[in-house]
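Participant: Residue numbers (this note's numbering): 5 to 335. Glycine included, every Cβ here is placed at the ideal spot set by N, Cα and C. Model, not experiment: these values are computed from the prediction.
#1: Roughly how many angstroms lie between the CA atoms of residue 53 and residue 161, to the nearest whole one?
#2: Pick helix, strand or coil for residue 196, following the three-state DSSP scheme.
#3: Per the contact definition of three or more C-beta pairs closer than 8 Å, is the segment 69-82 in contact with the segment 6-16?
#4: Taking just the CA atoms, how far does residue 170 sit from residue 270?
#5: What did DSSP end up calling residue 220 once you bin it into helix, strand or coil?
#6: Can you tell me the Cβ-Cβ gap for residue 144 and residue 98, rounded? I've got them flagged as a contact below 8 Å.
#7: If you follow the alpha helix (DSSP H) that residue 67 is in, where does it begin and where does it stop?
#8: Taking residue 233 as part of the beta strand (DSSP E), name the residues at either end of that continuous run.
#9: Does DSSP put residue 10 in a helix, a strand or coil?
#10: Just reading off the beta strand (DSSP E) that residue 254 is part of, what are its end residues?
#11: Terminal residues of the continuous alpha helix (DSSP H) containing residue 286?
#12: Going by CA-CA distance only, name the one from 109, 63 and 210 that's closest to residue 334.
#13: Quick one: is residue 30 buried, meaning 16 or more other Cβ sit within 10 Å of its Cβ, or exposed?
#14: Cutting at 8 Å between CB atoms, please list the residues of its own chain near residue 232, excluding the five before and the five after it.
#15: Which stretch, first to last residue, makes up the beta strand (DSSP E) that contains residue 276?
#16: Would you kindly work out how many angstroms separate the C-alpha atoms of residue 32 and residue 217, rounded to a whole number?
#17: Can the beta-carbon of residue 22 be found less than 8 Å from the beta-carbon of residue 42?
#18: In three-state terms, what does DSSP make of residue 177?
#19: Mind the definition here: the segment 109-121 touches the segment 85-92 only if three or more C-beta pairs lie below 8 Å; say whether that holds.
#20: What does DSSP give as the partner residue(s) for residue 150 in the beta ladder?
#21: Going by the beta-carbon positions, is the gap between residue 337 and residue 219 smaller than 8 Å?
#22: So the candidates are 324, 276, 325 and 284; which of them puts its Cα closest to the Cα of residue 311?
#23: Using CA coordinates, which residue listed in 10, 193, 203 and 215 is at the minimum distance from residue 249?
#24: List the residues that DSSP assigns as beta-bridge partners of residue 295.
#25: Measuring only the C-alpha atoms, how far is residue 12 from residue 282?
#26: When you compare only the Cα positions, how much space is there between residue 264 and residue 151?
#27: Assuming residue 175 and residue 142 make a contact with CB atoms under 8 Å, what is their CB distance in whole Å?
#28: Comparing alpha-carbon positions, which option in 191, 289 and 91 lies nearest residue 118?
#29: Is residue 325 helix, strand or coil when you go by DSSP?
#30: Go to residue 110, then tell me how far its beta strand (DSSP E) extends in each direction, as first and last residue.
#31: So if DSSP puts residue 184 in a beta bridge, which residue, or which two residues, is it bridged to?
#32: So, is residue 132 buried or exposed, given that buried needs 16 or more other C-beta atoms within 10 angstroms?
#33: Give every residue of the same chain whose Cβ lies closer than 6 Å to the Cβ of residue 204, excluding the five residues on either side of it in the sequence, and list them in chain order.
#34: How about residue 230 and residue 274: are their beta carbons less than 8 Å apart?
#35: In three-state DSSP terms, what is residue 84?
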């Protein structure tokens with residue numbers, strides 16, 4: 005069994021750097037022969053609202069060229085798996101499969117798209133044409149992977165096609181590697197630290213962190229809490245993990261989150277995740293779920309978590325995401 009694996013560009017400020025390693029190693033552990041199809045280096049990329057909107061496509065373009073150059077190695081029965089379904093690799097893989105007549109299958113992992121309300125593509129007006137492109141990709145794919153049942157339902161409800169081959173495999177989080185990188189401080193030794201672990205983009209609602217603090221300080225005026233926005237205080241990803249490993253609470257205000265990487269990382273490093281009753285959070289924060297409906301409820305949850313005697317457990321569900329994707333392909 006062979007997979008031609010097209011990773012996402014290993015963007016150091018995001019989880020894609022780890023996915024670059026984790027997917028290949030976990031697929032090999034499941035018995036697959038894996039050939040990684042890289043893009044070419046494009047220099048430093050700036051993380052704006054989401055990612056560098058130009059250089060990331062330069063990288064993806066060179067990745068498609070690399071796939072085409074090694075096409076003679078692709079044989080009947082092989083799989084092509086792209087970890088970013090939204091892009092040229094999906095088009096290229098499906099096109100070359102059908103035009104060459106090879107009996108191979110193509111799978112893609114979708115993070116989000118214009119089918120998801122409040123997604124960046126919808127916010128910038130791309131839905132007027134992008135949804136039709138997404139429909140074409142999903143018709144061409146043999147398997148669609150997503151990070152949560154919530155994501156799966158978004159596609160089923162908004163793409164307008166029935167019977168799509170969608171599997172919610174989850175998202176890989178290797179807690180052991182994170183813990184080695186930033187050994188968590190014992191919970192009882194942690195300060196009264198509350199973190200906002202997200203980037204500053206509209207869907208993350210960073211302004212609500214300040215609103216939460218304002219409400220909290222009026223409800224609990226005697227508490228001395230340290231409020232930290234990691235995007236401002238952490239210069240590196242290592243500092244980000246070290247901050248999570250010392251915090252008691254991590255807060256999210258993303259109301260249509262599709263799989264919640266930052267909150268899963270927070271939980272893995274011992275900080276209680278306080279999240280909205282919305283999106284994928286009720287399913288992906290499987291142990292110690294702390295959901296709120298408004299900021300007053302969020303402030304009360306933060307207060308309780310700051311006074312907890314122990315931190316959250318990690319149940320290991322997300323460790324098996326690649327195994328579930330592998331099983332779906334084998335079936």
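Facilitator: Once the coordinates are examined:
#1: Residue placement at residue 53 is flagged as unreliable, the pLDDT there being 48, under the threshold of 50; the coordinate-derived value follows with that caveat. Using only the alpha carbons, I get a separation of about 27 Å.
#2: coil
#3: yes
#4: Rounded to whole angstroms, residue 270 to residue 170 spans 28 Å at the Cα level.
#5: Three-state DSSP puts residue 220 in a helix.
#6: Right, the Cβ-Cβ distance comes to about 4 Å (below 8 Å), so this counts as a contact.
#7: 59-73
#8: 230-233
#9: strand
#10: 253-255
#11: 285-288
#12: 109
#13: buried
#14: 197, 198, 199, 200, 247 and 251
#15: 276-280
#16: 46 Å
#17: It is not a contact, given that the beta carbons lie outside the stated cut-off.
#18: Coil.
#19: yes
#20: 172
#21: Outside the shown range of the chain, which is 5 to 335, sits residue 337, and nothing can be said about it.
#22: Nearest option by C-alpha distance: 276.
#23: 193
#24: Residue 295 is bridged by DSSP to 279.
#25: 27 Å
#26: 9 Å
#27: With 8 Å as the limit, residue 175 and residue 142 do not qualify as a contact, their Cβ atoms being about 19 Å apart.
#28: 91
#29: In the three-state reduction of the DSSP assignment, residue 325 falls in the helix class, which pools H, G and I.
#30: 109-113
#31: Answer by DSSP bridge pairing: none, since residue 184 is not bridged.
#32: Exposed.
#33: If the five residues before and after residue 204 are omitted, its C-beta is found closer than 6 Å to the C-beta atoms of 210 and 235, all from its own chain and listed in chain order.
#34: no
#35: strand
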